[in-house]
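Residue numbers (numbering that gives the first Met the number 0), protein chains in the order written: chain A, 0 to 350; chain B, 0 to 350; chain C, 0 to 599; chain D, 0 to 599.
What follows is one structure encoded as structure tokens, with my remarks underneath.
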Amino acid sequence: MSYIGKPKVAHPKMPKNDLGLTARDYEGTVSTLCAGCGHDSVTAAIVQAVFELNIEPHMLAKMSGIGCSSKTPAYFVSGAHGFNSVHGRMPSVTTGANAANRSLMYIGVSGDGDSLSIGAGQFVHAIRRNLNMCYIIENNGVYGLTKGQFSASADIGSKPKKGEPNQQEPIDPVSTALSLGATYIARSFSGDKEQLVPLIQGALLHEGFSLVDVISPCVTFNDHEGSTKSYAHTRQFYHHVVDADFVPPAEEIKAAYAKGSAMPVELHDGSKIVLRKVDEQYDPTSRASAFKYLRERFNAGEITTGLLYMDESRQEMHDLMGNTRTPMCQLPLESLNPGAGELKKILNRYR
Amino acid sequence: MSYIGKPKVAHPKMPKNDLGLTARDYEGTVSTLCAGCGHDSVTAAIVQAVFELNIEPHMLAKMSGIGCSSKTPAYFVSGAHGFNSVHGRMPSVTTGANAANRSLMYIGVSGDGDSLSIGAGQFVHAIRRNLNMCYIIENNGVYGLTKGQFSASADIGSKPKKGEPNQQEPIDPVSTALSLGATYIARSFSGDKEQLVPLIQGALLHEGFSLVDVISPCVTFNDHEGSTKSYAHTRQFYHHVVDADFVPPAEEIKAAYAKGSAMPVELHDGSKIVLRKVDEQYDPTSRASAFKYLRERFNAGEITTGLLYMDESRQEMHDLMGNTRTPMCQLPLESLNPGAGELKKILNRYR
Amino acid sequence: MATVNDVVVKIATVNGTGSASANGLLMKSIFRMGIPVVGKNYFPSNIQGLPTWYEIRVTGDGYQSRSDRVDIMVAMNAQTYARDLADVSSGGWLLYDSTWPRHKQLDRDDVTVLGVPLSRMCNENFDGARARILMKNIAYVGVVAALLDIDLDIITTLLEETFADKKHLVDSNMKAIRLGYDYARENFVCPLACKVEAMDGTSGHIVIDGNTAAGLGCMYAGATVGAWYPITPSTSLMDAFRSFCSRYRTDPKTGERTYCIIQAEDELAAIGMVLGAAWNGARSFTPTSGPGISLMSEFIGFAYYAEIPAVIFNVQRTGPSTGMPTRTQQSDILSCAYASHGDTRHVLLFPKDPKECFEMAQSAFDYAERLQTPVIVMSDLDIGMNDWMVPDFEFDENVVRDRGKVLSAEQLEEMEKFYRYMDVDGDGIPYRTLPGVHPKGSYFTRGSGHTRHGAYTEDSAAYQDVVDRLLVKWETARQTLPEAEFEVSRFNKAGLLTIGSGDGACVEARDRLAAQKINLDYCRVRAFPFSDAVKEFIDQHEVVYVVEQNRDAQLRSLLLLDAGVDPAKLVPLLHYNGMPLNAGFVVDRVLEEVARGRAA
Amino acid sequence: MATVNDVVVKIATVNGTGSASANGLLMKSIFRMGIPVVGKNYFPSNIQGLPTWYEIRVTGDGYQSRSDRVDIMVAMNAQTYARDLADVSSGGWLLYDSTWPRHKQLDRDDVTVLGVPLSRMCNENFDGARARILMKNIAYVGVVAALLDIDLDIITTLLEETFADKKHLVDSNMKAIRLGYDYARENFVCPLACKVEAMDGTSGHIVIDGNTAAGLGCMYAGATVGAWYPITPSTSLMDAFRSFCSRYRTDPKTGERTYCIIQAEDELAAIGMVLGAAWNGARSFTPTSGPGISLMSEFIGFAYYAEIPAVIFNVQRTGPSTGMPTRTQQSDILSCAYASHGDTRHVLLFPKDPKECFEMAQSAFDYAERLQTPVIVMSDLDIGMNDWMVPDFEFDENVVRDRGKVLSAEQLEEMEKFYRYMDVDGDGIPYRTLPGVHPKGSYFTRGSGHTRHGAYTEDSAAYQDVVDRLLVKWETARQTLPEAEFEVSRFNKAGLLTIGSGDGACVEARDRLAAQKINLDYCRVRAFPFSDAVKEFIDQHEVVYVVEQNRDAQLRSLLLLDAGVDPAKLVPLLHYNGMPLNAGFVVDRVLEEVARGRAA
Ligand SMILES: Cc1ncc(C[n+]2csc(CCOP(=O)(O)OP(=O)(O)O)c2C)c(N)n1
Ligand SMILES: Cc1ncc(C[n+]2csc(CCOP(=O)(O)OP(=O)(O)O)c2C)c(N)n1
Ligand code: SF4
Ligand code: SF4
Ligand SMILES: [Mg+2]
Ligand SMILES: [Mg+2]
């Protein structure tokens, strides 16, 4: 939705990445979201993440469904192809896209409505396939675009602007993903870019399904008092357990980590994620203990954030199937059939 | 599917329940499933469960989707109304049916394909609403009716009759239900009627969503060596943790429980479920610890069965909404509008 | 040209700035003066910050459709200024906020530009950013009131009603109104040549949108289960049902509810819930729009074949796929008529305005229960979300609603054996039973092949027997559904035929064409399958102009297939750019066809 | 009546007992004798224990459709004995297992009953329950071989081929064959009056089912991504694709695959995957059946509007809803042609047999990529799952497949700016780009309103511009798609028109009618939209009998809507009980119409 073009004049002194591009080159058209919408902050975090990762814009594929959140791929990396599909079906489109071309990097942006209601089935099955993608849920507890109905992530007791508080058990994408065995699971907050950017970077580089659940308040319909997805509530009950830093392949890990221990995990491309435990108790490598911890904190009213679970050992979809590394869509058509002679032989089986 | 009628002659000495009905009165038409199919044993368990519970046949509603498993409601309680819906959509139909008439007892029979693939979204949301129903998954790891494709519950490494072993992470309905907060979660085995019958009885009487995940081998497509959903494999790795006994309202709990401690839980109608802990470690009242335990056993290759989680404190769908106890469908139409006079007043708001 | 009670005011603003209530106030105040009005809202598919327009047509002669001209443009949005100025009809006026300079180059000789320093006035008189923005909108209402000569007392009363408990809001709003009003009277010749005058054209009428009317109708119909998934432009239907029910269907003492609204996880689930509830005997419904219909189609076919009542409101929007969710069209006619695979066809009702939404919301349940099949009420965004002036709704408490052929416990007790799908009465409609009523009533509902007895079958003859009977039922439906509306004279060779929201523009177009000596008979179809009278209407004319709001002549297609009329007679007049139909379009297209030698 | 190479054998068994391979053996052996055969399998929608039938028509004159008589009934299923006996044509034979007594009361004077103690013989000669059941089936093959005079050497060869590595199985099977064969020769007059004789009617032909052929076609087309959700009767299409690919598209050394088959979680996901893959430039497809089409319809509309190629195989089955999944019909024509809400229409291809399944499986990708739109190949259960005798498939390695208008990196490099939805060539087909190819190619694919430049829009004119262009593309499709097949003589006033699997019965019916001096011209339509020649064919005849396998005359409906022909000319001949069409039905219905005074 772009009535106004955005001027793309970059200041000559703007920092450039290894490709010689500035952050400006990773922007999109002007956002049409409400002023202050959390989603715009996530957009900014994505811009920074891909800029810093030196991703060639046209090698990124931006996938989405329908919703305010799902509109955002238009607002970052104009140079990337985008696919704004139908409501709740981004995962299947991304699955097919990835099946056809595994050489692109896939970033999917979805909403809590898009992923946890109409899209719940597809969300679950993308995880099951360990689809190689970064899946971001811009989680605001409501349907923004259809004007403020509760979504399935609304917490019990969370109050709407008018009407009665939600009574239904929320679906927590993180626990669901843990129960299903997603291989990279993070939670963050649109208001915490520092935490969010490296989590997205890790998610982009992790080979397999990466979930980044971002609390992203809807200022228009769900940012009032009593809402558990408001800026105020999130800030108050926000609890980092494992933060992450992303370290590109070439660089050495030299930063000093003040709080907690640091644990570097090597990714497939040689880069590293350094996990910084803020909470010593937390073990981001065990589904069982992660789940237990999360539930206990949830019961205590806390919002646990950070890189909550990571498993680099499981193969992603193509490798599970034993597929060629050449993108399917680049295989020459002629190479894909055994020819007229072989056809004759095949037919002989049917005589 | 009934080419042959089933003779309904009950032996005069057959035991009768409080309604004066024999188990025969709770049978259905002749099964058209393969000889030896696990689903037929589940059918038998259901017959026994409802017979013993003295349920009036026409007060039971039998709901299903599509699949061999989903056919079974035709094979029990002919006197009950049945709704064989479309593939994967039994939960929504049951939700609507229950919304309209909360006085019936709802038993839904589904398959792993029906519930975990096409029906995953509806399954998840029925749990979220705490819909008052007994939801049975006849889990055989394959699509029986479409001839043996792996389902989403197939275990990693499980071998098909021909072709390659499954590589994808299974969806375990029990862990998923735990992560979503289902209020009664059980797992059993079609070959263990003794364990299964009381679990179904408890599920029927529990006010809220009850899941009974039953390993129910498909003899035709998934009962060979190497299959983790075969009779042999299940028997071998089967591990009871909490068994349950059902005690009707009137009766006192008098049985002596040999192994482990017994814990009676009172249900809404005054009857009780007595949990018999087979494994002392197991705590069926904590989602967090149940999940942890299940994953650990799963990693050890064990199939944990029994009444795995129970929470009598949460309200079911109607009560969450504050609905009248009178079934909606029995409210006289005339009582449902404020009349012509009030209409005039309403219209005045629009002048 | 000087006119009285014939003026079109269009207001261009940015959404999310509170202009909606200002525009409503303006429209209502004219209505309260007894002058018929038409209001149309053109809003973007986002929440805040994009251009939005509101158009008020003051129509002393009571036409129902939007106009094709703009007399006064209130150009409050700099972003669309150029386009808005271009839209003004020759001789018209453009009102703008003169606090800031404007593009003088764009000026038109034939448009009078009126500048009012709205922002400045409001900044001087009000505190706080939000209040200043809101009051700017109210202030332009004051300006327009002065320009058109709207009664300020009526505006005051309306504000008092709106802010019954908040006197200070009445005062601040009136202050803003006054700012605009006084500025206009001081600086311009007021009223303009196009002005309003109190008349008696609105008594016995209300101003309401179709979704609210349908929601109210559902409550009056005794619907108890509503399942839905939010989608523009149908969302406000369930909102209305909820708000009426929370007032009238909640026990004041216990708080107990006699309605159950379920926000489903998607449309597949919503329709599943409706079927489950209907199977159990509740009146149940779901409102949706195009994409929802696509998703519901498997279940709609199930309901057709298993013969389960279901009421679906399709508030149609523009386009295939997501299209333009905030624009109107009638483009789901084919997809609804034949929703689902296999041989299926479905009953459609076509309300023309909110009043028929109210009525059909009730009768839809009767038809669904009588015919044991889905009934789709084909509303659209124009009807559903715009404010229409319509005659007061009526409700006759003595009418006993049709619940169809449902066997009672007593009837079952007396029967030897109940068979679900037997055509006992020869009308193609079998008897049904409700779960829990009587042991003899039990049967197994299925979408797989079944016999007239309700048993599973794969037998060719037994299968065909049932689907053939469904055709008998279809003919019963044809006889049962609401008759079309006709206006026929003996002399006319040509007719105009339309459905739903096309009515207003067609009625007006007929008048305008008649003024040019082109007389057309008229038929407004109200249901599918079509009655015999519709077929006769077509048969009796040389040419029938079929006016509809889609690209593919979908209504015309159904007429060919279901009424079996001569295609040569049916000339499509297609309007599908997403804007509501207007009379000008119909007039122009008919004139074009007449010029080409078509009968008139 | 004594006949040579004109006999129908029907075998009634219970499913899950291994009779399928016995029946295949019987059919194949006749085919190997050079005699044309037609095989039809009528199986239940369950896995084991229900009645199932296999029908072999030996048709020396090479007709393709099932017959309307049964000469020899092999009644192996006590449950259906009565019905099977009733099905035998007068003068025919019934073969049964005389190990057990049978219902003598049911006997017919005009049917010769032949008892063979199959179970007893097999119990005496084989060990183990499973082997005995299997061998009983093989034994009746022996009996029939004797009765018809089938060459035992051919049977032996076939068994040797089947059990190449398992000599002992060849022996045991031959032993069972011998048991039946010898018993028959000893006890009955062999061969019967209806018998077979080697001829040269099958060279250059194969026996194959349509799903296997389509799967093979997909491999030859270079499809790389197949996404699907299992559903009868389409499942075996993906099975075939998988098995061909595992043989020919797997690197023998590394095991690396150049194909990616994804079993989706449902049909909504399957079509989503196809679109995602096609968007990225892979040839991708999904096989499904009716319920799957309903579920896919939202996405099909998206693909139409966003202009994404997609190949869908709809192997149609009987009924609305779940219907009869193991019976055939052509009843998804309307739902596929107009799948999805809004103004949408889709390209359909109608293969008549497995050979055309092979060919259209390839050309479908060409059309989809050329037209940038979904293409639905409308097969059915009869074609897809039955064994058809068809001419050898051909594959020309020199034909360069049409990948449509895809801009290369070089082309993009040279362009100033790329706009996704511009009609550069005037054929309504825009250019597209693939992700990852070139920075200049990037654009945002969306199902919401967009302009010719690919930008989001809510502007009426910009919106209409794009949907109007889609109509231009539709006309290009009309010119592009495969032409219908015609047989026209100058003298005939009436024509027969059909699609797909209706061909065989129509061809045969024409011959039979001609024998009665009723000569009909013929048109077999192969694609929708219809070519001009189809319209001309109809225009040039006084009456055209439209033969189709559904209740609602769906093909006729499309002809009215898309070809704009005179409805009075199109007489529907509808067959929809789930059995494959046969010539007798067509002949009878034409005669009825002629008797009523229709042209012939
Ligand atoms: C099939 C279908 N149903 C309904 C809609 C209407 N719709 C658009 S966005 C949306 C919900 C969006 O919620 P969420 O994904 O949480 O996004 P947010 O706007 O909150 O970012 C709905 C229901 C649709 N576009 N398609
Ligand atoms: C929409 C739709 N897609 C596909 C099918 C085909 N289908 C029938 S049953 C089934 C799977 C059943 O598997 P499961 O639920 O595990 O039941 P089981 O037969 O194993 O008991 C499928 C895919 C269908 N009926 N409807
Ligand atoms: S409605 Fe909410 S989610 Fe949507 S743009 Fe506005 S603030 Fe963001
Ligand atoms: S196929 Fe499998 S699941 Fe189906 S009836 Fe047979 S054994 Fe049971
Ligand atoms: Mg949201
Ligand atoms: Mg299964």
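Every residue gets a Cβ at the ideal spot worked out from N, C-alpha and C, and that includes glycine.
Between the region 125 to 143 of chain B and the region 66 to 78 of chain B, do at least 3 Cβ pairs fall closer than 8 angstroms?
-> Yes, the region 125 to 143 of chain B is in contact with the region 66 to 78 of chain B.
Other residues of its chain near residue 340 of chain D: CB distance less than 7 angstroms, five sequence neighbours each side excluded = The residues are 300.
Cβ neighbours of residue 179 of chain A in the same chain (closer than 8 angstroms, five flanking residues each side left out) = Correct list, in chain order: 123, 126 and 127.
Determine which residues of the region 311 to 345 of chain A have a Cβ less than 9 angstroms from any Cβ of chain C, and write them out in chain order.
-> The region 311 to 345 of chain A vs chain C, Cβ under 9 angstroms: nothing.
Mind pulling the chain A residues with CB within less than 9 angstroms of residue 175 of chain B?
-> Contact note: residue 175 of chain B reaches chain A through 123, 175, 178 and 179, using a C-beta cutoff of 9 angstroms and chain order.
Local conformation of residue 124 of chain C per DSSP, three classes | Correct three-state label for residue 124 of chain C: helix.
C-alpha gap between residue 516 of chain D and residue 89 of chain D, whole angstroms = Put simply, the backbone Cα of residue 516 of chain D is about 27 angstroms away from that of residue 89 of chain D.
Is the beta carbon of residue 307 of chain D sitting closer than 8 angstroms to the one on residue 371 of chain D?
-> A contact, by the Cβ cut-off of 8 angstroms.
By the 10 Å Cβ neighbour count, where 16 or more other Cβ atoms means buried, how is residue 223 of chain A classified, buried or exposed?
-> An exposed status is given to residue 223 of chain A, since fewer than 16 other beta-carbon atoms sit within 10 Å of its beta-carbon.
Measure from the C-beta of residue 117 of chain B to each C-beta in chain D and report whether the shortest distance is under 8 angstroms.
-> For residue 117 of chain B, the closest Cβ of chain D is nearer than 8 angstroms.
Helix, strand or coil for residue 569 of chain C, going by three-state DSSP, please let me know.
-> It is a strand residue.
Residue 552 of chain C by DSSP, collapsed to three states: which one?
-> It is coil, neither helix nor strand.
May I ask whether a heavy atom of ligand 5 can be found less than 7 angstroms away from the beta carbon of residue 596 of chain C?
-> The answer is no for residue 596 of chain C.
Would the beta-carbon of residue 17 of chain C be found less than 7 angstroms away from any heavy atom of ligand 8?
-> Of the ligands one can find in the structure shown, namely ligand 1, ligand 2, ligand 3, ligand 4, ligand 5 and ligand 6, none is ligand 8.
With 8 angstroms as the threshold, decide whether the Cβ of residue 69 of chain B is near any Cβ in chain A.
-> It does not; no Cβ of chain A falls within 8 angstroms.
Heavy atom of ligand 5 less than 7 angstroms from the Cβ of residue 143 of chain A, yes or no?
-> Closer than 7 angstroms to some heavy atom of ligand 5: that describes the Cβ of residue 143 of chain A.
Pair within 8 angstroms by beta-carbon distance, residue 18 of chain C and residue 10 of chain C | In this structure, residue 18 of chain C places its C-beta atom within 8 angstroms of the C-beta atom of residue 10 of chain C.
Identify, in the order they occur along the chain, each residue of the same chain with its Cβ nearer than 8 angstroms to the Cβ of residue 333 of chain C, setting aside the five sequence neighbours on each side.
-> A distance below 8 angstroms between beta-carbons, with the five flanking residues on each side excluded, links residue 333 of chain C to the following residues of its chain, in chain order: 551, 553, 556 and 557.
Residue 112 of chain A: beta carbon under 7 angstroms from a heavy atom of ligand 5?
-> Correct: residue 112 of chain A has its Cβ closer than 7 angstroms to ligand 5.
Would you say residue 149 of chain B touches ligand 4, meaning its beta carbon is less than 7 angstroms from a heavy atom?
-> No, Cβ of residue 149 of chain B sits at least 7 angstroms from all heavy atoms of ligand 4.
Give the interface partners of residue 294 of chain C over in chain D, defined as CB-CB distance under 7 angstroms, in chain order.
-> Neighbours of residue 294 of chain C in chain D, taken as residues at a C-beta separation under 7 angstroms, are given in chain order as 297.
Coil, strand or helix - residue 35 of chain B by DSSP = Note: residue 35 of chain B maps to coil in three-state DSSP.
Does the Cβ of residue 71 of chain A lie closer than 7 angstroms to at least one heavy atom of ligand 3?
-> Residue 71 of chain A Cβ: outside cutoff for every heavy atom of ligand 3.
Taking the CB atoms as reference points, tell me whether residue 110 of chain D and residue 146 of chain D lie closer together than 8 angstroms.
-> Contact: no.
Tell me, please, whether the CB atom of residue 120 of chain B is closer than 8 angstroms to any CB atom in chain C?
-> For residue 120 of chain B, the answer is yes, since a Cβ of chain C falls inside 8 angstroms of its Cβ.
Do three or more CB pairs link the region 583 to 591 of chain C to the region 503 to 521 of chain C at distances below 8 angstroms?
-> Yes, since at least three Cβ pairs between the region 583 to 591 of chain C and the region 503 to 521 of chain C fall closer than 8 angstroms, the two stretches touch.
Looking at the structure shown, is residue 101 of chain C part of a helix, part of a strand, or coil, going by DSSP?
-> Looking at residue 101 of chain C - three-state DSSP - the assignment turns out to be coil, as it is neither helix nor strand.
Taking DSSP as the reference, what is the three-state secondary structure of residue 177 of chain D?
-> The answer is helix: DSSP assigns residue 177 of chain D an H, G or I state.
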